[in-house]
Amino acid sequence: MHEPATRTGRLTARTVLLVVLGVLVALSAAIGLTARPRLEHWLRTTVIATLERRLDSDVDLRSISVTLGPVTRISGGPLTIRHRQRQDVAPLITLERFETTMTWRELLRRPRRVDTITLTGLAIVIPPSPAEGVPRFPRSDEGRAADERASESPKPREDAARAPAAANRGEPPQVIIGRITADAATLVVLPRETRKLPRRFVLHRLAVRDITTDRPMAFETEVENPQPHGRIHTVGTFGPWNVDAPARTPLQADYRFVDADLSTIRGIAGIVQSTGRYGGVLERIEAIGTTAMPGFDLKVGGRPLPLSTRFTVVVDGTNGNTYIQPAEALLGAGTPIRVTGGIVKAEDRRGRTVDLAMGITAGRLEEVLALVMDGTPAMRGRIAVDAALLIPPGPLPVVERMELEGRFSLAETTFTSRALQAKLDELSRRAQGRPEDPDVARVVSAFSGRFRMANGVIRFPALRFDVDGARVELAGHYAVRSQGLDFEGRVRLEAGLSRMVTGKKRWLLRPFDGLFRRQGATEFPIHIRGSVKHPEFGVDVKETLKRALIPGR
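Numbering (the working numbering), first residue to last: 991 to 1543.
See below:
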């Protein structure tokens, strides 16, 4: 008889428990519905106030959305951060959306801690720092008018006006962010001169850790480099953020540049591998590193050669100008090259001008020639060069834009062409008065002179080469692409005219030896025509006779 009553009690207790749970859920929902808008408003105002105080900027955050639960999801955007009282330039930071999650404990503790924030559509614009004595941000006409109105009212003490800002920068952070991630973010560095284009970089897989404004932050990213095209993987530290001059924010990092394609620069080719370290501030970065190219190609004929470098460069982040100080390169197996100078933005056109001083000491002539000549190099020997190189921007291949001027010398030079070497050996034998001596063979020569290259043509205002018994002095030009030769000058020989021949000719010419002697040597005007592969040597007979018959000519 008591069993039904017991069942009824159990059912009643269960019903009451379900009712209580339902009421609690309803109350939670009601509290959530009423608390969520207030929480979103509080978060939005807190984020704006914190960023404005820390970055000394005006902040606009359109909305924040909060999804409550054991782990609260927070998202918002768009977000815009502008320099204080400066609305006429691009914002310092813009992003389309941010998203993160926080526990209630993380949300309510001081300082608040955020584990990870994911950013979408991040863009950072760095203005140039002001010159000494120039206001941080030049004021617009409207801003200047406001300053004039303010100047008519009593001025507060300067130290009192600065006190809040200083206090804000020295106070402990209210929010500590563990990690920020963003993909396809952009970094734009504005030039000092408004007529020049800004520098724009795309940052892939950007990750920043330990984000605050009062100490360095660790970062890792891949930077998309336009020329030479490739991606630079870099890891380092950035900050603390310089509020007054963002361009002077310090950074230190290592980098690795893999498979950079030089063919994106018109007129050259090769795949570059580079590693190194850089540091400084955003507007002036010093980098120390190395590069390696298994096949550097000037694309003017020739063949690719290995090229490796060790360099120290300074990069002006506001305009991308690069100053080399210095770079030590090795072309092929044994041609050292030293380079100093700069790669700077052109004043009158789009692109950059290469302006370098370069020197080669005890290099291999055959390696230099291999870069610009098809087939086997025409000569072997040692080369020394002291020159200035200028390459203005433009659509033409590098060899046609290149301007090169300086001095050179060749030593221990021999010709790889048997025909050319045979002519040189014959010249030496006759110049020494030993026209049939077989021991005079494979003679070496020495070249020296001044040169100037422009529009693909190398002009030699003064060129000289020496072999045993003879000196040749020439002036003329060499066309790089066609390998054409056009030179005129004179040859001076130790022996008299009669000693250069054999048999009866020697006796017949002996009375005329004196007619062709000039300052202790036999002299003839000569010319060289044709091409490197098929040269044409000749003596100007008419001029020779005039010199012989007309005294003083």
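All residues carry an ideal CB built from backbone N, CA and C; glycine is no exception. Since we're looking at a predicted model, the values are computed, not measured.
Do you know offhand how far R1274's Cα is from V1225's?
For the purposes of this step, residue 1274 is identified with residue 284 of the sequence shown, where counting begins at 1. For the purposes of this step, residue 1225 is identified with residue 235 of the sequence shown, where counting begins at 1. R1274 and V1225: Cα-Cα distance of roughly 18 Å.
Using 8 Å as the threshold, is the segment 1305-1312 in touch with the segment 1186-1204, meaning 3 or more CB pairs across them?
yes
Return the chain-ordered list of same chain residues with a C-beta closer than 6 Å to the C-beta of K1145, the five sequence neighbours on each side being excluded.
The sequence position of residue 1145 within the sequence shown is 155, counting from 1. Residue placement at K1145 is poorly supported in this model, since its pLDDT is 39, which falls under 50; the coordinates still yield a value, given next. Result list for K1145: empty, nothing under 6 Å.
Which of the three DSSP states is assigned to A1150 in this structure?
Reading the sequence shown from its first residue, position 160 is the one you call residue 1150. Caution applies to A1150, whose pLDDT of 33 falls short of 50 and renders its modelled position unreliable; the value that the coordinates give is listed next. Helix, per DSSP.
A1515 vs D1530 beta-carbon contact at 7 Å
What you label residue 1515 is simply residue 525 of the sequence shown in a count that begins at 1. What you label residue 1530 is simply residue 540 of the sequence shown in a count that begins at 1. In the sequence as presented, Ala is not what sits at residue 1515; that position holds Pro. Yes, Cβ-Cβ distance for P1515 and D1530 is below 7 Å.
In three-state DSSP terms, what is E1357?
Within the sequence shown, the letter at position 367 stands for residue 1357. Three-state result, E1357: helix.
My understanding is that T1592 touches M1207, with C-beta atoms under 8 Å, so please give their C-beta distance in whole angstroms.
With the chain represented from 991 up to 1543, any question about residue 1592 goes unanswered, as that position is not in the structure.
Which residue's Cα is closest to the Cα of A1436: L1414, R1424, M1443?
Here the question's residue 1436 lines up with position 446 in the sequence shown. Here the closest residue by C-alpha is L1414.
Distance CB(R1246)-CB(R1199) smaller than 7 Å:
Sequence index remark: in the sequence shown, residue 1246 carries index 256 (1-based). Sequence index remark: in the sequence shown, residue 1199 carries index 209 (1-based). Their beta carbons are not under 7 Å apart, which means R1246 does not touch R1199 by this criterion.
Look up A1135 in the DSSP assignment and say whether it is helix, strand or coil.
As a working mapping, residue 1135 is identified with position 145 in the sequence shown. For A1135, the predicted structure reports a pLDDT of 45, less than 50, and the residue's modelled location is therefore unreliable. A value from the coordinates is still provided. Here A1135 sits in helix by DSSP.
Take T1091 and list the residues in its own chain whose beta-carbon comes closer than 6 Å to its own, dropping the five residues that flank it on each side.
Indexing the sequence shown from 1 puts residue 1091 at position 101. The answer, listed in chain order, is V1061, R1063.
Would DSSP call I1114 helix, strand or coil?
As a first step, residue 1114 is located in the sequence shown; it is residue number 124 there, counting from the start. Of the three classes helix, strand and coil, the one that applies to I1114 here is strand, per DSSP.
Does the distance from the C-beta atom of S1053 to that of R1072 stay below 7 Å?
Here residue 1053 corresponds to residue number 63 of the sequence shown, with the count starting at 1. Here residue 1072 corresponds to residue number 82 of the sequence shown, with the count starting at 1. In this structure, R1072 does not lie closer than 7 Å to S1053 by Cβ.
Helix, strand or coil for G1627? Go by DSSP, reduced to three states.
For residue 1627 there is no data in the structure shown, the boundaries of the chain being 991 and 1543.
Tell me whether the beta-carbon of F1455 lies closer than 7 Å to the beta-carbon of I1518.
Walking along the sequence shown from the start, residue 1455 turns up at place 465. Walking along the sequence shown from the start, residue 1518 turns up at place 528. Result no, Cβ atoms of F1455 and I1518 do not sit closer than 7 Å.
Limits of the unbroken alpha helix (DSSP H) element including V1433:
As a first step, residue 1433 is located in the sequence shown; it is residue number 443 there, counting from the start. Careful: V1433 lies outside any alpha helix (DSSP H) and carries neither H nor E.
8 Å contact criterion, which G1353 and R1372 should meet: CB distance rounded
By one-based count along the sequence shown, residue 1353 stands at place 363. By one-based count along the sequence shown, residue 1372 stands at place 382. Their Cβ separation, rounded to whole angstroms, is 7 Å, which keeps G1353 and R1372 in contact under 8 Å.
Could you pull out every residue in the same chain whose Cβ sits closer than 6 Å to the Cβ of L1069, ignoring the five residues on either side in sequence?
By 1-based counting over the sequence shown, the position of residue 1069 is 79. Same-chain partners within the cutoff: L1051, L1085.
For S1143, which residues in the same chain have their Cβ closer than 8 Å to its Cβ, ignoring the five residues on either side in sequence?
In the sequence shown, the residue the question calls residue 1143 occupies position 153. The predicted position of S1143 is uncertain, since its pLDDT is 38 and thus under 50; a value taken from the coordinates is nonetheless stated next. Excluding residues within five positions, none has a Cβ falling inside 8 Å.
Report the rounded CA-to-CA distance for T1254 versus V1079, giving the unit in angstroms.
The sequence position of residue 1254 within the sequence shown is 264, counting from 1. The sequence position of residue 1079 within the sequence shown is 89, counting from 1. Cα to Cα, T1254 sits roughly 32 Å from V1079.
Just the Cα atoms here: how many angstroms apart are G1220 and G1322?
As a working mapping, residue 1220 is identified with position 230 in the sequence shown. As a working mapping, residue 1322 is identified with position 332 in the sequence shown. Taking the straight line from one Cα to the other gives about 24 Å.
Can you find the residues in the same chain that come closer than 6 Å, C-beta to C-beta, to L1029, ignoring five residues on each side of it along the sequence?
Position 39 of the sequence shown, counting from 1, holds the residue named residue 1029. These residues qualify, in order along the chain: V1056.
Looking at A1565: is its Cβ nearer than 7 Å to the Cβ of Y1268?
Within the shown structure, residues of the chain are numbered from 991 to 1543, placing residue 1565 beyond reach of any answer.
Roughly how far, in whole angstroms, is the beta-carbon of R1489 from the beta-carbon of A1460, given that I think they are within contact range, below 8 Å?
To locate residue 1489, count along the sequence shown from 1; it is residue 499. To locate residue 1460, count along the sequence shown from 1; it is residue 470. Between A1460 and R1489 the Cβ distance is about 13 Å, and since that is not below 8 Å, they are no contact.
Using three-state DSSP, classify A1175 as helix, strand or coil.
As a first step, residue 1175 must be located in the sequence shown, where it is residue number 185. If DSSP states are grouped into helix, strand and coil, A1175 belongs with the strands.
What ranges does the beta strand (DSSP E) occupy inside the segment 1324-1401, keeping only unbroken runs of at least 3 residues that lie completely in it?
1325-1335, 1342-1354, 1369-1381
Given a threshold of 16 other Cβ atoms within 10 Å of its Cβ, counted over all protein chains shown, does T1184 qualify as buried or as exposed?
One-based indexing of the sequence shown puts residue 1184 at position 194. Exposed, since its Cβ has fewer than 16 Cβ neighbours within 10 Å.
Starting from D1200, follow the beta strand (DSSP E) in both directions and report where the run begins and ends.
Against the sequence shown, residue 1200 aligns to sequence position 210. 1189-1201 is the extent of the beta strand (DSSP E) around D1200.
With respect to the beta strand (DSSP E) encompassing A1282, which residues constitute its N-terminal and C-terminal limits?
Counting from 1 along the sequence shown, the entry for residue 1282 is found at position 292. Note, A1282: beta strand (DSSP E), 1274-1286.
Option in A1039, V1165, V1115 with minimal Cα separation from R1100:
Along the sequence shown, read from residue 1 onward, the residue named residue 1100 stands at position 110. Residue V1165 is the option with its Cα nearest to R1100.
Taking DSSP's pairing of strands, which residues face P1515 in a bridge?
Working through the sequence shown from its first residue, we reach residue 1515 at position 525. According to DSSP, which records beta bridges pairwise, P1515 is partnered with R1480.
For R1300 and E1276, which I take to be in contact (beta-carbon distance under 8 Å), what is that distance rounded to the nearest angstrom?
Taking the sequence shown and counting its residues from 1, one reaches residue 1300 at position 310. Taking the sequence shown and counting its residues from 1, one reaches residue 1276 at position 286. 14 Å between Cβ atoms; not a contact.
Rounded Cβ spacing between V1389 and V1470 (contact assumed at less than 8 Å):
As a working note, residue 1389 is residue 399 in the sequence shown. As a working note, residue 1470 is residue 480 in the sequence shown. 6 Å between Cβ atoms; contact.
Bridge partners of I1167, per DSSP?
Sequence index remark: in the sequence shown, residue 1167 carries index 177 (1-based). Answer by DSSP bridge pairing, in chain order: V1104, I1201.
Output yes or no for whether 7 Å exceeds the beta carbon distance between V1434 and F1398.
For the purposes of this step, residue 1434 is taken as residue 444 along the sequence shown, with counting starting at 1. For the purposes of this step, residue 1398 is taken as residue 408 along the sequence shown, with counting starting at 1. Result no, Cβ atoms of V1434 and F1398 do not sit closer than 7 Å.
Can you give me the Cβ contacts of G1285 inside the same chain, cut-off strictly under 6 Å, excluding the 5 residues immediately before and after it?
Taking the sequence shown and counting its residues from 1, one reaches residue 1285 at position 295. Excluding sequence neighbours, G1285 sits near G1260, P1294.
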